[in-house]
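One structure is given below, encoded as structure tokens.
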Amino acid sequence: MLGVPESAQQKKKHCDDGLNKINQSEEKKDEKKDGEKKEEKKEETKDVEKKDERRDDEKKEEKKEEKKDVKKKDEKRHDEKKEESKEEKKDEEKKDEKKDGENKEEKKEEKKDGKKRMRRGMMRRKKKRKRRRRM
């Protein structure tokens, strides 16, 4: 009877060993699958991060372009304002020159009138002297 239990124990041990091997192989398969899944997730996250970085870069570039456009527009406006102010100054200078020219002409005319008056006065005095001498 002692031999029977040994063989049963051996059979049990043999079965347990087989089950252990099967379990170990299944665990290895599961570990491989888990590892593959982790790698896939890592790759997916990398892809997502790359896409996000690309989007961020594109947004930054768009903002830079918009800023450049705004600066160009501001510069154009500033240049236009400068040109307008220059034109206005030129117009004002021309008006001032015209006024100065007119004023000079008026002064010349006034001087001429003044000289004529002076001559008339002198002529009158001269005539009066002659009349007095004759008398």
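First residue of the sequence shown: 1, per the UniProt record's numbering; consecutive thereafter.
In this text, a Cβ means the ideal position worked out from N, Cα and C, and glycines have one as well.
Residues of its chain near residue i, where Cβ-Cβ distance is below 6 angstroms and the 5 sequence neighbours each way are ignored
{"i": "N23", "result": "none"}
Contact test: residue i Cβ vs the ligand PLP heavy atom, cutoff 6 angstroms
{"i": "D69", "result": "For the structure depicted, the ligand PLP is absent and the ligand set is empty, with no information on it obtainable."}
Separation of residue j from residue i, as counted between CA atoms
{"i": "H78", "j": "R117", "result": "58 angstroms"}
{"i": "K29", "j": "E36", "result": "10 angstroms"}
{"i": "K81", "j": "E102", "result": "31 angstroms"}
{"i": "E93", "j": "S85", "result": "12 angstroms"}
{"i": "D17", "j": "E31", "result": "21 angstroms"}
{"i": "D57", "j": "D34", "result": "34 angstroms"}
{"i": "E61", "j": "K46", "result": "22 angstroms"}
{"i": "M135", "j": "R124", "result": "17 angstroms"}
{"i": "K95", "j": "K112", "result": "26 angstroms"}
{"i": "G121", "j": "K104", "result": "25 angstroms"}
{"i": "E75", "j": "K67", "result": "12 angstroms"}
Nonlocal neighbours in the same chain, by C-beta distance under 7 angstroms from residue i, ignoring five residues either side
{"i": "N20", "result": "none"}
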